[in-house]
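Be aware that the sequence shown starts at 1, since it is given in UniProt numbering, and climbs by one per residue.
All residues carry an ideal CB built from backbone N, CA and C; glycine is no exception.
Structure first, commentary second.
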Amino acid sequence: MKKEDILAKIDEKYENLGENPETYLAGLLQAKPINYWDYIQVDTLLSLQKPRTDFEDEEIFIMYHQVTELVLKLMIHELKQITLKNLEEPVLIDKIKRITRYTNMLMTSFDVMRDGMDYADYNTFRATLAPASGFQSAQFRFLEIYCTPIENLINIKGKERLPQNPTTEDLFDQVYWKDAGHNRKTGKKSLTLQAFEEKYLDDFIALAKKMKGNTLAEKYLQIENPSEELTKALRGLDYLFNVEWPIIHLNTAQHYLNKKGESKAATGGSEWQKYLHPKYQQRKFFPALWTEDEILHWAENA
């Protein structure tokens, strides 16, 4: 594009906004060039690691989880576009493949946790983290809400406890992840769960209400004659995210918490061996894509 064409486009842009183009051009003349470190906010990013002990590997633990949160944000970025727009099927498939690649990143990155920290150091500094827990990742829960109706995030026992015509609040009372910190027999909740609910539960409920009819799972069901490629992509994502990734997470936890049969407790106080296994969680984003037998025996051989 020639310089005069660019200037004409700039004039058109700001005149359409009811603004004086010359004001913006004068501002551009005075603006400083942008640098990589300013644009990416490198200094701020590298200052966000605040270890609670002097163990060197604690900083690895912090950075690993910060990277995980950034990847989850990438996934939610795609899910917002999928659920808030009516995308053509090829674009939808492309975005599902992006989310799948991000999930693969999270799965392979567990090697950083499993093989990248000193075993003795981790099991010492982790005591300072209680009652904090990765269970308290709100982005993980937001991602689930964008993907599927809350009914699909309730295991068999939770569904048995639901009242007739449950409200969104009723559904969240039985959502699978609460079992990590809610003793259903005594009604007592762990401090980890109490703090998490106090900070985020209202936001989860509000988003679930907003997403009714527009989750990724429901968007798929609205497509007339969806392609085999789209169906395959969604099934692949579902199994990767809800079976394979939790199994890798479970194996990593076992490496640090159950080595030599020591059976250490998680910092959040959950029964992690039981809670982390996908067979117990029974989380499925797209149950319509699985047979009754596959659902009945979900993750049994994982």
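In this structure, does DSSP put K13 in helix, strand or coil?
In this structure, K13 counts as helix in the three-state DSSP scheme.
I60 and M1: beta carbons closer than 8 angstroms?
No; because the gap between Cβ atoms is not below 8 angstroms, this pair is not in contact.
From E144 to D57, what does the alpha carbon distance come to, in whole angstroms?
If you take the alpha carbons of E144 and D57, they lie about 31 angstroms apart.
Ordered along the chain, which non-local residues of its own chain (more than five positions away) have a Cβ less than 8 angstroms from that of L201?
Result list for L201: F172, in chain order.
Among A8, E69, K85, which residue has its Cα nearest to the Cα of S137?
Nearest option by C-alpha distance: E69.
Between F55 and the rest of its own chain, which residues show a CB-CB distance below 6 angstroms, the 5 nearest in sequence each way excluded?
Cβ within range, chain order: D121, F125.
For a quick check, are the C-beta atoms of L276 and T100 less than 8 angstroms apart?
Contact: no.
Below 8 angstroms, how does it come out for the region 144-159 and the region 101-111: are there three or more Cβ pairs, yes or no?
With the cut-off at 8 angstroms, the region 144-159 and the region 101-111 do not touch.
Can you grab the Cα-Cα spacing for the pair E244 / N35, in whole Å?
So the two alpha carbons sit approximately 40 angstroms from each other.
Name the DSSP beta bridge partners of K189, please?
Looking at the DSSP assignment, K189 forms a beta bridge with H182.
With 16 other CB atoms within 10 Å as the buried threshold, where does Q66 fall?
By the 10 Å Cβ count, Q66 comes out exposed.
Near K279, which residues of its chain fall below 8 angstroms by C-beta distance, leaving aside the five closest residues on each side in sequence?
W298, A299, E300, A302.
So R229 and I93 are in contact, right, with Cβ under 8 angstroms, and what is the actual spacing, rounded?
Before going on, a small fix: residue 229 reads as Glu here, not Arg. Right, their Cβ atoms sit about 6 angstroms apart.
Which of helix, strand or coil does DSSP assign to I154?
Residue state, collapsed to three classes: coil.
Going residue by residue through the region 95-125, where are the continuous alpha helix (DSSP H) segments of at least 4 residues, counting only ones entirely within it?
With a minimum length of 4 residues, the continuous alpha helix (DSSP H) runs that stay inside the region 95-125 are 110-115, 119-125.
Between L216 and I205, what straight-line distance do the alpha-carbon atoms span, to the nearest angstrom?
Distance between the alpha carbons of L216 and I205 is about 17 angstroms.
Given this structure, state the Cα-to-Cα distance separating G18 from V91, to the nearest angstrom.
In a straight line, the C-alpha of G18 is about 34 angstroms away from that of V91.
Shortest alpha-carbon distance to Q282 belongs to which of T53, L153, F135, Q174?
Nearest C-alpha to Q282: L153.
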